[in-house]
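Reviewing the structure listed below.
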Amino acid sequence: MAPVTTPGEEMHALVERMYPLCRSITGDGVRATLDIVGEYVPLQVREVPTGTQVLDWTVPQEWNIRDAYIADASGRRVVDFAASSLHVLGYSLPVARTMPLSELRAHLHTLPDHPSWVPYRTSYYEPRWGFCLAQETLDALPEGEYEVRIDSALTDGHLTYAEHVVPGRVPDEVLVSCHVCHPSLANDNLAGIAVATFLARELAGREPYYTYRFLYAPGTIGAITWLARNAERTGSVAHGLVLACAGDRGQLTYKRSRRGDAGIDRAMRHVLTASGRPHRITEFTPYGYDERQFCSPGFDLGVGSLSRTPYAGYPEYHTSADDLDFVTPEAMEDTLAVCREAFGVLERDRRYVNLSPYGEPQLGRRGLYDSLGGRSDAKQAQMAMLWVLSLSDGEHGLLDVAERSGLPFEAVAAAADALHGAGLIKA
Amino acid sequence: MAPVTTPGEEMHALVERMYPLCRSITGDGVRATLDIVGEYVPLQVREVPTGTQVLDWTVPQEWNIRDAYIADASGRRVVDFAASSLHVLGYSLPVARTMPLSELRAHLHTLPDHPSWVPYRTSYYEPRWGFCLAQETLDALPEGEYEVRIDSALTDGHLTYAEHVVPGRVPDEVLVSCHVCHPSLANDNLAGIAVATFLARELAGREPYYTYRFLYAPGTIGAITWLARNAERTGSVAHGLVLACAGDRGQLTYKRSRRGDAGIDRAMRHVLTASGRPHRITEFTPYGYDERQFCSPGFDLGVGSLSRTPYAGYPEYHTSADDLDFVTPEAMEDTLAVCREAFGVLERDRRYVNLSPYGEPQLGRRGLYDSLGGRSDAKQAQMAMLWVLSLSDGEHGLLDVAERSGLPFEAVAAAADALHGAGLIKA
Amino acid sequence: MAPVTTPGEEMHALVERMYPLCRSITGDGVRATLDIVGEYVPLQVREVPTGTQVLDWTVPQEWNIRDAYIADASGRRVVDFAASSLHVLGYSLPVARTMPLSELRAHLHTLPDHPSWVPYRTSYYEPRWGFCLAQETLDALPEGEYEVRIDSALTDGHLTYAEHVVPGRVPDEVLVSCHVCHPSLANDNLAGIAVATFLARELAGREPYYTYRFLYAPGTIGAITWLARNAERTGSVAHGLVLACAGDRGQLTYKRSRRGDAGIDRAMRHVLTASGRPHRITEFTPYGYDERQFCSPGFDLGVGSLSRTPYAGYPEYHTSADDLDFVTPEAMEDTLAVCREAFGVLERDRRYVNLSPYGEPQLGRRGLYDSLGGRSDAKQAQMAMLWVLSLSDGEHGLLDVAERSGLPFEAVAAAADALHGAGLIKA
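Residue numbers (the numbering used here), protein chains in the order written: chain A, 1 to 427; chain B, 1001 to 1427; chain C, 2001 to 2427.
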């Protein structure tokens, strides 16, 4: 077997390890997942007791499950939780009964249009029990009595989430969030967890400008719990990104924040456009992943969302077909690269002030300009310097310069470094 | 004969009744027209004396006409006012002479390009007399002496207009205006009068939010007279619409107010776009109907104009071909429907404030959300609720929500009602 | 020989006279050029001593050249400054040596892609010497010893520029600038000098509204010198235009000021669009001609740039192929016409206030309106009056009116004159 070598392959290996665990919005599946992530980056794990009031919500009881199955008269398990965590309706109440198939049907969920796939269903806030199975499996079941057993427990316990913080030179934060509540679904959201984790690992080696906070929390209730406990901290969130569906073969999709022109919106647009990648940029909608919470009008944070094929945009979404083959090392590596580039833009985006704003400063005597005049080609580096000088009036940052000039941000940032080194601009 | 059943047919019947009357900017033709309208909705008829100063204008003398004709040597009436009110130049001075055709020609108006049509011409502010006739008629006249008689009178009298007010829950007004000064022209503007009248009748049965003022006045001088006498009231005009050319078979045309983004402009755009009707939206110009006066820079009211084929945009415009066949019940009913829908939007457009703006409120426990999670389809009603919550920050109204979300206004308004009922938003 | 008759032909004759002179950023070539221009319009010539600090720059030594050549062993001049001023690298140090071709090559500049053309090269701020020649010429040179002589002098002296001022009714200025530092290049920039000069001559006969300042200065250092010496005056520059590449056969190109919506930007757009000329309008870049200096962020003047084929946009740019045949009388006359029209717009662009803003004033009784109503065609003059009345609210000028109405500026200005004459608007 070939050694795991590329970051993409490493991320895929991480996804594979997390895949079998039965995650939900609470419970030991989340804890086991965070244990694995913790092998890559140190995590601060938070446990919030059942019943805690969090904004408009209440932390629910903790759900755990040991086993679940439907067995036929011969004792054969025709649906078995051990084979896939998707087979049980999330937050199912315990049940141990024998009943005819006719009665059992009301508790069975299938996808008639995709008869070989198992759907993913939950009932967090309505007490229910149920099984999810392939339509083919159901069709093959003869009428008759079945043993139905769900060995689950809903008990007072905790909601679990984790944070990993990379300290920066300023306390202003970049928030990177991913949800950790979905069971055996690879793209939604094990790929997002993997990309976030590798991004965190990359940053650990440097001293970034911003402080980076990685949040691994169950969807909706987890983000709400974090917001409730960190309301005062949200004022420090300069930029944010929700990572989800980060590993499928589709093109990248960036969904803007509610503000629409937040820093992350502009950085992502620049990176996606300048890189020439096929991509889509979509407007904010108050649906999707936890950008819903971060962008709620009381917080209105500059948090966008990066996916490949977005929320509910592929047939395999929320089915057993969102499996390990559905996500690829290359796709995750590409998502990671775009995050790296966009945060690289935000890290270096500054407003400078031209200290020699009356006429052009003489770049030539500072060694910043080609000395042989009369040539018809202006080099990109020189154009970038002229643009930075032109727009460094205290009102435009380097990303503004890149956008107005059409030059790559890297060239603009390098020009600013050169000008700063020559004492021609100040931050 | 089949009974008149649809509103469109009723409006067409109203147009037929008004059609033969000889209207002008003053005189008994206007009064007779208002008498007919008064059978449908109660009118307050205003009489303003000749010589009254109104803004930059003066109310002119009143013009009335009993008879007019051109008769040949045999006494046969070759042009006869009794056949069509269009045959006399509006505001013609009285005349009773015999003259050769060669001399008469200077007083005759025809349409050489449409030889069978009679043009509509007036000379309100320049003392003249004249006849309008088909080119064919003129061509058939032998040279020779003709008896020319216009039994008209220009006397001190009054300018007549009328108002119908539907009281609302607030004193802020919606102004609906139509001109009543054109003689036997069906689309311009008997159809507009009919649509305004049926709109008024519909509203009478309800208690609308806004107070609605319907204005039936002669073009230009009538609007100017109303503005002169109601200058202080114009501050209460929240929205307004001029109705003209409301009954032809062409697609709807909405002309924006001078402001360009007044409430009526946005409501009309939403309704016309969301309904899928073919339509045009045109920018304001200081020409056309009485939006010229309402949008003059001193008033600058949020008044747009709704037509089907617009001002001067069809060959039949201001000719005898703008007759009863040129307007249809279906077209008038469609115009009426768009008015009803647009005012419906304005009636319900409110700014709400989300009372639970930090994170999403838990809609599920309030019965506002589907309890079975994990489904990939978000229903329109739920999306509408999320959008209302997201944008109810005190700066956006429901029409803003509809426009940004792309949802129908009705769905948004219904969502707001549900959220308001649950105490999640306040007005 | 036919007499010189058209302004275009006169401008071409002026270009021909200036063409042979060896201009640079300083020296007698500039003075001789200004002497010629001074025959057309009176000039105030300024001499600024070497070493003077001008903004971030220092006025360089003055460069003059009497002769230069490369001669072969037989004494034949294979490259001769007398044949073209382009043959010497601008600001070449003096040299008088004999050297083998192999050593000489490092000092020779050619255009391999255009083997018959001589390039234009300079080295103002780096001490060098060199020759420019056709690749063909170089290819034909046998190896061997060559006599190399440049009889130039770099001495303390002056930088020379000139101004011509046409006094206006207000002290606010229109700045028209052209560079005078390029040697035998016709389009870049003798055509620009010619157009500026003829524009100045036209204005002299009138008393314009604005004061016009024509600046003839060497590129970059000349503009910087003028700005350094007139920093307090820049506050009076209402509008400005840099003229360059004004005579080739390409379509007109207007490059916006850094502001992007300065008066000159809007006037040029209106004139170019309304005239139906093929043209391009490009965004500001901090490269090109002296708009770089005028638009530097400390000054940020409303100065655009008018060219035909723009900066470095044609293969002949900065080569001997930019010769007298490359520019045409017709092209220069067309450039002149657009300048005349654009400044004509700025001259007449005013904000008026409608003195009768409540409803329309009655134009008819003032003789401003067609008295025979009911006609379906609105004449342009009447529409222009209605538009001026509608937008004369103190916030819109006549150019705004022209742009919003789609009417030609001339019609709008004429309407304003008529309304002003009737006392209906005031400036």
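Where is the CB? At the ideal position from N, CA and C, for every residue including glycine. Bear in mind that the values here come from a model prediction, so they are computed numbers and not experimental data.
Among A2415(C), E2283(C) and I2264(C), nearest to E2341(C) - alpha-carbon criterion: The sequence position of residue 2341(C) within the third sequence is 341, counting from 1. Looking at the Cα atoms, I2264(C) is the closest of the given residues.
Interface flag, S1296(B) vs chain C, CB-CB below 7 Å: In the second sequence, the residue the question calls residue 1296(B) occupies position 296. Interface residue, yes.
Contact list for Q362(A) against chain C, beta-carbon separation under 7 Å: Looking up residue 362(A) in the first sequence gives position 362. Neighbours of Q362(A) on chain C, chain order: D2056 and W2057.
Under the three-state DSSP convention, the category S1999(C) falls into: Because chain C in this structure spans residues 2001 to 2427, residue 1999(C) falls outside the shown range and cannot be described.
C-alpha gap between T50(A) and T155(A), whole angstroms: As a position in the first sequence, residue 50(A) is number 50, starting the count at 1. As a position in the first sequence, residue 155(A) is number 155, starting the count at 1. So the alpha carbons of these two residues sit roughly 8 Å apart.
C-beta neighbour in chain A for I2463(C), strict 7 Å: Here chain C has residues from 2001 to 2427 only, and residue 2463(C) is not among them.
Beta-carbon neighbours of P2060(C), restricted to chain B and to distances below 8 Å: Here the question's residue 2060(C) lines up with position 60 in the third sequence. In chain order: nothing, as chain B lies at least about 55 Å away.
Under 8 Å from the C-beta of Y2352(C): neighbouring residues of chain B: As a working note, residue 2352(C) is residue 352 in the third sequence. Those within 8 Å of Y2352(C) in chain B number zero; the least Cβ separation is about 11 Å.
C-beta neighbour in chain C for L398(A), strict 7 Å: Here residue 398(A) refers to the residue found at position 398 of the first sequence. With 7 Å as the cut-off, L398(A) does not count as an interface residue toward chain C.
Proximal residues of chain A, C-beta to C-beta of P1357(B) below 7 Å: Working through the second sequence from its first residue, we reach residue 1357(B) at position 357. Those are S296, P297 and G298, listed as they occur along chain A.
Cross-strand partners of V388(A) (DSSP beta bridge): Mapped onto the first sequence, residue 388(A) falls at position 388. Answer is none; V388(A) lacks a bridge partner.
Contacts that L1386(B) makes with chain A (C-beta to C-beta distance below 7 Å): Within the second sequence, numbered from 1, the residue matching residue 1386(B) stands at position 386. Per Cβ cutoff of 7 Å: P286 and Y287.
G1240(B), DSSP secondary structure in three states: The residue labelled residue 1240(B) in the question sits at position 240 within the second sequence. Residue state, collapsed to three classes: strand.
Outcome for T2005(C) when other beta-carbon atoms lying within 10 angstroms are tallied against a minimum of 16: In the third sequence, residue 2005(C) corresponds to position 5, counting from 1. With fewer than 16 Cβ atoms within 10 Å of its Cβ, T2005(C) is classed as exposed.
Closer than 7 Å at the beta carbon, the chain A residues around R1365(B): As a position in the second sequence, residue 1365(B) is number 365, starting the count at 1. Simply Y125.
P2167(C) Cβ short of 6 Å to the ligand FMN heavy atom set: The ligand FMN is absent from the structure shown, which contains no ligands of any kind.
G1219(B) beta carbon less than 7 Å from that of S1257(B): Mapped onto the second sequence, residue 1257(B) falls at position 257. Mapped onto the second sequence, residue 1219(B) falls at position 219. Contact flag unset, no.
Cross-strand partners of M99(A) (DSSP beta bridge): Start at 1 with the first residue of the first sequence, and residue 99(A) comes out as number 99. Y146(A), per the DSSP bridge assignment.
Through-space distance from L424(A) to A1381(B), alpha-carbon basis: As a first step, residue 1381(B) is located in the second sequence; it is residue number 381 there, counting from the start. As a first step, residue 424(A) is located in the first sequence; it is residue number 424 there, counting from the start. Distance between the alpha carbons of A1381(B) and L424(A) is about 57 Å.
CB contact check: L2159(C) to chain D, cutoff 7 Å: Any reference to chain D falls outside this structure, whose protein chains are A, B and C.
Beta-carbon neighbours of Q2293(C), restricted to chain A and to distances below 8 Å: To locate residue 2293(C), count along the third sequence from 1; it is residue 293. Under the 8 Å cutoff, chain A gives G359 and E360.
Cβ contact (3+ pairs, closer than 8 Å) linking the segment 2223-2243 of chain C and the segment 2038-2056 of chain C: yes
Beta carbon proximity, S2320(C) to chain B, threshold 7 Å: Translated into positions along the third sequence, residue 2320(C) becomes position 320. So, not an interface residue.
Same chain only: Cβ atoms within 8 Å of I2467(C), ignoring 5 sequence neighbours per side: This structure cannot speak to residue 2467(C), because chain C is shown only from 2001 to 2427.
Residue interval of the alpha helix (DSSP H) (run including G2344(C)): Position 344 of the third sequence, counting from 1, holds the residue named residue 2344(C). G2344(C) -> alpha helix (DSSP H) spans P2329 to R2348.
CB contact check: L2301(C) to chain A, cutoff 7 Å: Here residue 2301(C) is taken as the residue at index 301 of the third sequence, counted from 1. Closer than 7 Å: no.
7 Å Cβ shell around L1101(B) - same chain, five flanking residues per side excluded: Here residue 1101(B) refers to the residue found at position 101 when the second sequence is read from its first residue. Result list for L1101(B): L1141, E1143, G1144 and Y1146, in chain order.
Anticipated Cβ contact below 8 Å, H2114(C) with D2290(C), distance rounded: By one-based count along the third sequence, residue 2114(C) stands at place 114. By one-based count along the third sequence, residue 2290(C) stands at place 290. With a Cβ gap of about 27 Å, H2114(C) and D2290(C) do not count as contacting.
Interface partners of L1227(B) on chain C, CB under 8 Å: Here residue 1227(B) corresponds to residue number 227 of the second sequence, with the count starting at 1. Here the neighbours are Y2358 and G2359.
D1172(B) in three-state terms, based on DSSP: Residue numbering aside, residue 1172(B) sits at position 172 when the second sequence is read from its first letter. In this structure, D1172(B) counts as coil in the three-state DSSP scheme.
Closer than 7 Å to chain A by CB, D1265(B): By one-based count along the second sequence, residue 1265(B) stands at place 265. No, D1265(B) does not count as interfacial toward chain A.
7 Å Cβ cutoff met for N2187(C) and F2299(C): Here residue 2187(C) refers to the residue found at position 187 when the third sequence is read from its first residue. Here residue 2299(C) refers to the residue found at position 299 when the third sequence is read from its first residue. It is not a contact, given that the beta carbons lie outside the stated cut-off.
For S184(A) and L21(A), the rounded distance between their alpha carbons: Walking along the first sequence from the start, residue 21(A) turns up at place 21. Walking along the first sequence from the start, residue 184(A) turns up at place 184. S184(A) has its alpha-carbon roughly 7 Å from the corresponding atom of L21(A).
Listed by chain order, chain C residues near D393(A) by CB distance under 9 Å: Here the question's residue 393(A) lines up with position 393 in the first sequence. In chain order: P2297, G2298 and D2300.
Environment of E10(A) [buried if 16+ CB atoms lie within 10 Å]: One-based indexing of the first sequence puts residue 10(A) at position 10. Looking at its Cβ environment, which holds 16 or more other Cβ atoms inside 10 Å, E10(A) is buried.
Touching by the beta-carbon criterion (3+ pairs, under 8 Å), the segment 312-330 of chain A and the segment 341-361 of chain A: no
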